[in-house]
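One structure is given here, and the rest of the page talks about it.
Residue numbers (our numbering): 59 to 339.
Right, dumping it as C-alpha cells:
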C-alpha cells in the first residue's frame, strides 16, 4: 500500500541541532508543508517527480533549474545568483556593478564567520553569523569551530581565500556518505593556521579598518550527530532528471542527503521540483 504524506515544490530540508552531540532533526519541506523525517528511518519511502519546476523566486515554470531552484531570467539578474556569492572575495559592490545593491546591503554587509569544519575531512568555510549552525548541518559536518568574525561577506571571502592555500574549501560528498568522520582537533588546527597566517591577517585588518577582523581564539567546538542507521557499502546517486521516481528503505539523513538502501539523493540539488512523498508498506 502506498500512502502519500505530502506533495509540493521541494525546498532544502530544515535541520535543527544543539551545540553538543544532539542528534540532528530533519524535516522535509514541500511548499508550506513540513514532514518529520527522523521517525521514518527504517521505513520504505517513495518520492515521485511530477515533471514541473517552478522558480523559487518568481514562481514561473521553467524547464531547467539554475543554481538550485531559479529560472534563467532570475539566475542572470538576482544578486544571490551572482558569481561573487560563490567567490565573495570577488565582490564588486564598490565598483557600482552589484545586481541588487539594496539586497547586498542587507545580506552581505553584516557579520560573517570564518570557520573550520570536519565533514569529509578538514575544510574552511564562511557563513553569515545568523546561519550558525545551519550552514554546518547542511554540509554534514561532524564538528565545526568559528575562528574569525568579520564585518562583511567580502572580508570573510578574503580570509577563506588566504586559508585555503593550506586547507580544502570543499566537501567530498562520497567520503561524507561512507561513514562517520574521524574526529579532528579543530582547536589545534585553528591555532596552527592563525599563527601561520598572523601577518597577512593583520594586514587585512589594517587595510580594512581596526575591528574589521576579530579572531576567535576562545570559541568552542560544535559537534553533531546525524541520524544514520547504516551507511551504504557502495555510493550511487539518484537523479530526478534521469528517473522521476526514487524509492527504497530510508537508512539515514546527513547534510542535505537522504541515504536509501539503493542509493543517495541530494535534495537541495532539486529545489523547486514538484514532488510527492509517500510511504510504501
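In this text, a Cβ means the ideal position worked out from N, Cα and C, and glycines have one as well.
Best match in the options for proximity to residue i [C-alpha to C-alpha]
i	options	result
residue 315	297, 330, 332 and 302	297
residue 348	70, 102, 212 and 87	As displayed, the chain neither begins before 59 nor continues past 339, which places residue 348 out of reach and without an answer.
residue 139	149, 128, 269 and 267	128
residue 329	295, 101, 95 and 111	111
residue 226	176, 339 and 66	176
residue 73	94, 304, 152 and 291	94
residue 115	97, 137 and 303	137
residue 303	332, 113 and 243	332
residue 91	68, 101 and 150	68
residue 81	249, 263 and 281	281
residue 251	130, 224, 219 and 102	224
Pair within 8 Å by beta-carbon distance, residue i and residue j
i	j	result
residue 334	residue 106	yes
residue 61	residue 336	yes
residue 273	residue 99	no
residue 205	residue 184	no
residue 168	residue 193	no
residue 306	residue 320	yes
residue 181	residue 228	yes
residue 113	residue 132	yes
residue 201	residue 234	no
Residue(s) in a DSSP beta bridge with residue i
i	result
residue 335	64 and 105
residue 271	208
residue 185	171
residue 322	295 and 317
residue 196	Its beta-bridge partners do not exist; DSSP assigns none.
residue 111	331
residue 305	104
Original post:
Can you find at least 3 beta carbon pairs, one from the segment 192-204 and one from the segment 156-167, that sit closer than 8 Å?
Top reply: no
Original post:
Quick check: the segment 242-259 against the segment 286-305, are there 3 or more CB pairs under 8 Å?
Top reply: no
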